[in-house]
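K.L.:
Have a look at this one before I ask anything.
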Amino acid sequence: MQQPTTRHLVSLSLAAPGLGLSVMLAASPAMGATYEVGPGKPYESLAAVAPRLAAGDVVEVDGDTTYPGDLTFKKSGTESAKITIRGVRVNGRRPLLSGGTNTVVFGGNHYILEGFEITGGARRCVFNRAHDITIRDVVVHDCPGHGILGADEGSGSLTLEYVEVYACGAGDTRHPVYIATDEQAHPGSVFRMQHCYVHDGNGGNNVKSRAERNEIYYNWIEGALYHEIELIGPDGQDEGLAREDSDVVGNVFRKTGKSFVARVGGDGTGQTFGRFRFVNNTFLLAPGSAAAIRMFDGIESVEMSNNVFYRAGGGGVDIYADRSASWVTGAALISGVNNWVPAGSSAIPAGWTGTLRGADPGFADVASLDLRPSADSPLVDAGSKATASPAGHPFPGPLAAPRFTPAREAGEPGTAQRRPAAGAIDIGAYELGGNSAAVTSAMRAAVSDGDTDGSDGDTDGSDGDTDGSDGDAAVSDGDTAVSDRDAAESDRDAAESDGDAAESDGDAAERGSIDPASCSVGGALAAGTTSGGGALAAAAALLGAALRRRARRTGA
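According to mature numbering (1 follows the signal peptide of the UniProt record, and there is no 0), the stretch in the sequence shown is residues -32 to -1, 1 to 524, in order.
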């Protein structure tokens, strides 16, 4: 068998006096191997490569070829040397991973999966029970069970970016995207979903998460059987381990059926007692659909600012329903500023201020789903960057302001459209002068600054959602059996009608969690993207970027 190629590092040190930044590339005999997979390549299957992987390795898989599912990645990378499984387009087509019980399983930590099409997993197309997993530039579709599922046990932080998911899920217990984190094994884990397009679900909720923290940024989510997004507490874990919080910024949620757009708090099987923040989102409801946001089980607080709510065809909107909520403080804590609602709307929170009402939000062309504000829209310059949480209940580390806009497609990494900054911020997910989801990729300017960045039958507001646990019979891939919550249990919905979704550095910096002195090019080197002169260029680029940031801060 041909040996994989290796990439070596060079020794280099660059320092910026007074900046507190240094870049060190330590000498190493071999940071990682590169494996080539495909017809006529050293390896013809991913299954042959998976057991050989080690930290820093890169697997390049030829596209325009179908590879069998039931792939399990058990080996682990490290935080600074992740294992990258990369699809390489051939004839414009991605590699297709197809079939099996679970098409792809992550059992090892620190992986990047990018550039694939995944379909046909009988129970799950992607099954995660590992920590620090990034899925990027991937299309997941036609999965008769779950599209992407995170196990209750063993799952840690997960990032989805530039991912499209459609035609997945079934009934009320299988979901297109269903995430959990293990708060004992991986405390503080984050589910981040950005620049994704989730649509046309065959069952369940389009995005359902039990993660300890959710960061839902710049996505277009539409066409769920039940809720477009559901952010709830852990199932089968001690609810006192952590409070689950969710930051939901810059998304479009389009309801095509009769259910609620979102549910937060719990589903009868696990509750968050958490804090929720909805900022600069566009809610487009269907005629006759239930309230926009359903508050359920244990909740501490909800903040809603700069959102636009509109019902296709006109008419009022019920903003929220909390008949089934259990407020931590004993009373509803809902704050918000500068939201736009249609005239005739109801259930408008008493804690909102600066609310705008009208007959028409002035979208550019709602019929074609161009949801940008027109020049004379009441949304223009009508928002506020001061989006305070309820007094005494601040949201931890919020995204300061939306930096990008959502697209009605996943797009390629780096192509997310930046949100223009001119005047006061506009209400909703778009800014006047920016491009909309209705504009095609060819018409949108590719933006890259180094960031990697019908009826659903639910007419009564009850989703009969027996989905808190999918407790399928244990799944064995040679390791210990895993249960992933497919067993049905009632969440009380049927009995109770309320009457009624790789800017990582930039976003984290806005939340104050990035220390420039800690920046490194280790990730790029680990991924095998730099060597020799490339390493020097990467280090120089890092240093230059840091100097530019410093100049901007000091006004130099």
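Cβ coordinates follow ideal geometry from the N, Cα and C atoms, glycine included.
By a C-beta neighbour count over all protein chains shown, 10 Å radius and 16 as the cutoff for buried, is N275 buried or exposed?
P.N.:
Position 307 of the sequence shown, counted from the start, is the residue given in the question as residue 275. Buried, because 16 or more other Cβ atoms sit within 10 Å of the Cβ of N275.
K.L.:
Going by other Cβ atoms of all chains shown within 10 Å of its Cβ, with 16 needed for buried, is A49 buried or exposed?
P.N.:
By one-based count along the sequence shown, residue 49 stands at place 81. It counts as buried.
K.L.:
Going by DSSP in three states, S177 sits in which element: helix, strand or coil?
P.N.:
Position 209 of the sequence shown, counted from the first residue, corresponds to residue 177. Strand.
K.L.:
Excluding five sequence neighbours on each side, which residues of the same chain lie with their C-beta closer than 7 angstroms to the C-beta of A300?
P.N.:
By 1-based counting over the sequence shown, the position of residue 300 is 332. Correct list, in chain order: D290.
K.L.:
How is A254 classed by DSSP in three states: helix, strand or coil?
P.N.:
Stepping through the sequence shown from its first residue, residue 254 is reached at position 286. DSSP places A254 in coil when its eight states are reduced to three.
K.L.:
Nearest by alpha-carbon distance to R376: which of A148, G68, V220 is it?
P.N.:
Along the sequence shown, one-based indexing puts residue 376 at 408. Checking every option, the nearest Cα to that of R376 belongs to V220.
K.L.:
Going by the CB atoms, is the gap between S352 and S273 shorter than 8 angstroms?
P.N.:
If you number the sequence shown from 1, residue 273 lands on position 305. If you number the sequence shown from 1, residue 352 lands on position 384. Between S273 and S352, the gap from beta carbon to beta carbon is short of 8 angstroms.
K.L.:
Using 10 angstroms around the beta-carbon of D328, count the other beta-carbons present and answer buried if the total reaches 16, otherwise exposed.
P.N.:
Along the sequence shown, read from residue 1 onward, the residue named residue 328 stands at position 360. Burial call: exposed.
K.L.:
G37 to K43, Cα distance in whole Å?
P.N.:
One-based indexing of the sequence shown puts residue 37 at position 69. One-based indexing of the sequence shown puts residue 43 at position 75. Whole-angstrom Cα-Cα distance: 18 angstroms.
K.L.:
Measure the alpha-carbon distance for E190 versus A23 and round it to whole angstroms.
P.N.:
Within the sequence shown, the letter at position 222 stands for residue 190. Within the sequence shown, the letter at position 55 stands for residue 23. Rounded to the nearest angstrom, the two C-alpha atoms are 38 angstroms apart.
K.L.:
Would you give the residue range spanned by the alpha helix (DSSP H) that L324 belongs to?
P.N.:
Looking up residue 324 in the sequence shown gives position 356. Unbroken run through L324 is the beta strand (DSSP E), 324 to 326; no alpha helix (DSSP H).
K.L.:
According to DSSP, is S13 part of a helix, a strand, or is it coil?
P.N.:
By one-based count along the sequence shown, residue 13 stands at place 45. It is coil, neither helix nor strand.
K.L.:
Would the segment 382 to 400 and the segment 192 to 208 be scored as touching if the rule is three or more Cβ pairs under 8 angstroms?
P.N.:
Using a C-beta cut-off of 8 angstroms, the segment 382 to 400 makes no contact with the segment 192 to 208, since fewer than three inter-stretch Cβ pairs fall below that distance.
K.L.:
Counting pairs of beta carbons, one from the segment 82 to 94 and one from the segment 147 to 154, are three or more of them closer than 8 angstroms?
P.N.:
no
K.L.:
In angstroms with no decimal places, state the Cα-to-Cα distance between E121 and Y186.
P.N.:
For this step, residue 121 is matched to residue 153 along the sequence shown. For this step, residue 186 is matched to residue 218 along the sequence shown. Answer to the nearest angstrom: the Cα atoms are 28 angstroms apart.
K.L.:
Mind listing, in chain order, the continuous beta strand (DSSP E) runs of no fewer than 3 residues lying wholly within the segment 220 to 288?
P.N.:
Counting only runs of 3 or more, we get 220 to 222, 230 to 232, 242 to 247, 250 to 253, 261 to 273, 276 to 279.
K.L.:
Please go through the same chain and pick out, in chain order, the residues whose beta-carbon is closer than 7 angstroms to the beta-carbon of A315, but skip the five residues on each side of it.
P.N.:
Looking up residue 315 in the sequence shown gives position 347. Counting only Cβ-Cβ distances below 7 angstroms, and skipping sequence neighbours, we find A259, D286, I287, Y288, A289.
K.L.:
Give a yes or no on whether the C-beta atoms belonging to V106 and V145 are separated by under 8 angstroms.
P.N.:
Within the sequence shown, the letter at position 138 stands for residue 106. Within the sequence shown, the letter at position 177 stands for residue 145. No, they are not a contact pair.
K.L.:
Let's test the definition: count the other Cβ atoms within 10 Å of the Cβ of P364 and tell me whether it reaches 16, buried, or not, exposed.
P.N.:
Counting from 1 along the sequence shown, the entry for residue 364 is found at position 396. It counts as exposed.
K.L.:
Tell me whether L209 is buried or exposed, calling it buried when 16 or more other Cβ atoms sit within 10 Å of its Cβ.
P.N.:
Here residue 209 corresponds to residue number 241 of the sequence shown, with the count starting at 1. That one is exposed.
K.L.:
Just to confirm the assignment: which complete beta strand (DSSP E) runs, minimum length 3, are found wholly within the segment 301 to 344?
P.N.:
302 to 305, 308 to 310, 324 to 326, 331 to 333, 338 to 341
K.L.:
Go ahead and pull the three-state DSSP assignment for A368.
P.N.:
Along the sequence shown, read from residue 1 onward, the residue named residue 368 stands at position 400. Of the three classes helix, strand and coil, the one that applies to A368 here is coil, per DSSP.
K.L.:
Taking the straight line between their C-alpha atoms, what separation do you get for R325 and P388?
P.N.:
Translated into the one-based positions of the sequence shown, residue 325 becomes position 357. Translated into the one-based positions of the sequence shown, residue 388 becomes position 420. Answer to the nearest angstrom: the Cα atoms are 25 angstroms apart.
K.L.:
When you compare only the Cα positions, how much space is there between K176 and A311?
P.N.:
Residue mapping note: residue 176 aligns to position 208 of the sequence shown, counting from 1. Residue mapping note: residue 311 aligns to position 343 of the sequence shown, counting from 1. Taking the straight line joining both Cα atoms gives about 31 angstroms.
K.L.:
What's the gap between the Cα of A293 and the Cα of I267?
P.N.:
As a working mapping, residue 293 is identified with position 325 in the sequence shown. As a working mapping, residue 267 is identified with position 299 in the sequence shown. Taking the straight line joining both Cα atoms gives about 7 angstroms.
K.L.:
Of the residues R222, E212, S269, which one's Cα is nearest the Cα of A359?
P.N.:
Here residue 359 refers to the residue found at position 391 of the sequence shown. The shortest Cα separation from A359 among R222, E212, S269 belongs to S269.
K.L.:
In whole angstroms, what separates the C-alpha of D475 from that of H163?
P.N.:
Here residue 475 refers to the residue found at position 507 of the sequence shown. Here residue 163 refers to the residue found at position 195 of the sequence shown. Confidence is the limiting factor: at D475 the pLDDT is only 44, short of 50, which leaves the residue's position unreliable, though a coordinate-based value still follows. Taking the straight line joining both Cα atoms gives about 13 angstroms.
K.L.:
Helix, strand or coil: which one does DSSP assign to P155?
P.N.:
Taking the sequence shown and counting its residues from 1, the one referred to as residue 155 is at position 187. DSSP, reduced to helix, strand and coil, places P155 outside both helices and strands of the structure shown, so it counts as coil.
K.L.:
Near E207, which residues of its chain fall below 8 angstroms by C-beta distance, leaving aside the five closest residues on each side in sequence?
P.N.:
Counted from its first residue, the sequence shown places residue 207 at position 239. Scanning its chain for C-beta atoms nearer than 8 angstroms, with the 5 sequence neighbours on each side dropped, one finds around E207 the residues G201, G238, Q239, F241, G266, in chain order.
K.L.:
Have a look at A1, R160, G31, N173 and flag the residue whose alpha-carbon is nearest the alpha-carbon of H114.
P.N.:
Along the sequence shown, one-based indexing puts residue 114 at 146. Of A1, R160, G31, N173, the residue nearest in Cα terms is N173.
K.L.:
For S336, which option in G60, R222, A138, I51 has the closest C-alpha, if you only look at C-alpha atoms?
P.N.:
In the sequence shown, the residue the question calls residue 336 occupies position 368. Nearest of G60, R222, A138, I51 to S336, Cα basis: R222.
K.L.:
Quick check: A343 and D394, are their CB atoms within less than 8 angstroms of each other?
P.N.:
The residue labelled residue 343 in the question sits at position 375 within the sequence shown. The residue labelled residue 394 in the question sits at position 426 within the sequence shown. The answer is no: Cβ separation not under 8 angstroms.
K.L.:
CA-CA distance, F159 and P374?
P.N.:
Translated into the one-based positions of the sequence shown, residue 159 becomes position 191. Translated into the one-based positions of the sequence shown, residue 374 becomes position 406. For F159 and P374, the distance between alpha carbons rounds to 18 angstroms.
K.L.:
For C111, which residues from the same chain have a beta carbon less than 6 angstroms from its beta carbon, with the 5 sequence-adjacent residues on both sides left out?
P.N.:
Locating residue 111 in the sequence shown gives position 143, counting from the first residue. Result list for C111: G89, C93, C136, in chain order.
K.L.:
Starting from T46, trace the beta strand (DSSP E) in both directions and tell me its first and last residue.
P.N.:
Position 78 of the sequence shown holds residue 46. From DSSP, T46 is part of no beta strand (DSSP E); its letter is neither H nor E.
K.L.:
Let's see if you can read the secondary structure: which residues bound the beta strand (DSSP E) around R82?
P.N.:
Locating residue 82 in the sequence shown gives position 114, counting from the first residue. It should be noted that the sequence gives Glu, not Arg, for residue 82. E82 -> beta strand (DSSP E) spans 79 to 82.
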